[in-house]
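Trainee: Residue 560 is where the sequence shown starts when you use this note's numbering, and the numbers rise one by one after that.
We put the CB at the ideal spot given by N, CA and C, even for glycine.
Since the structure is predicted, the reported quantities are computational estimates derived from the model, not experimental observations.
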Amino acid sequence: MIKGVGIDVVDVARFMETLERTPRLREKLFTPAERDLPPASLAARFAAKEAIAKALGAPAGMRWHDATVHRVVGGPPEVEITGTVAARADALGITAWHLSISHDAGIASAIVVAEG
């Protein structure tokens with residue numbers, strides 16, 4: 560059963576300008592495994608985290624580090640959740656995540672389906 564759906568779109572150049580203006584933002588938004596990715600991949604990870612939050616009903620107090628997107632060679636990206644994100648997912652009965660991310664022509668996008 561689908562418990563939630565989220566989608567987000569990010570302008571890569573604008574997102575990178577924001578990260579350059581606010582250097583600490585990169586550490587706030589991304590886990591160490593994500594921080595050094597190329598710009599389009601960073602923007603796609605941010606879109607994925609926004610999509611995850613939307614699928615959860617955009618709860619207040621969600622910590623960005625509690626959702627990590629892992630690249631899987633030859634397969635779809637995987638979502639790893641902990642802390643505040645895992646607590647909300649548990650409360651909603653979410654047991655699986657389906658994530659698709661893409662970036663092209665300066666735009667990064669993500670869609671997530673939360674299943675339970």
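Tell whether a beta-carbon distance below 8 angstroms holds between L615 and R647.
Mentor: yes
Trainee: Out of T577, P618 and R583, which has the shortest C-alpha to C-alpha gap to P598?
Mentor: T577
Trainee: Tell me the DSSP secondary structure of L588 in three-state form.
Mentor: helix
Trainee: Determine the burial state of K587: buried for a count of at least 16 other Cβ atoms within 10 Å of its Cβ, exposed for fewer.
Mentor: exposed
Trainee: Would E674 and T627 be called neighbours here (beta carbons separated by less than 8 angstroms)?
Mentor: no
Trainee: The beta strand (DSSP E) spanning L658 covers which residue range?
Mentor: A655 to D663
Trainee: What does a CB cutoff of less than 8 angstroms around G620 pick up in its chain, not counting 5 residues either side in sequence?
Mentor: T643
Trainee: How would you label E609, buried or exposed, when you count the other beta carbons within 10 angstroms and need 16 or more for buried?
Mentor: buried
Trainee: Going by the beta-carbon positions, is the gap between G563 and L651 smaller than 8 angstroms?
Mentor: yes
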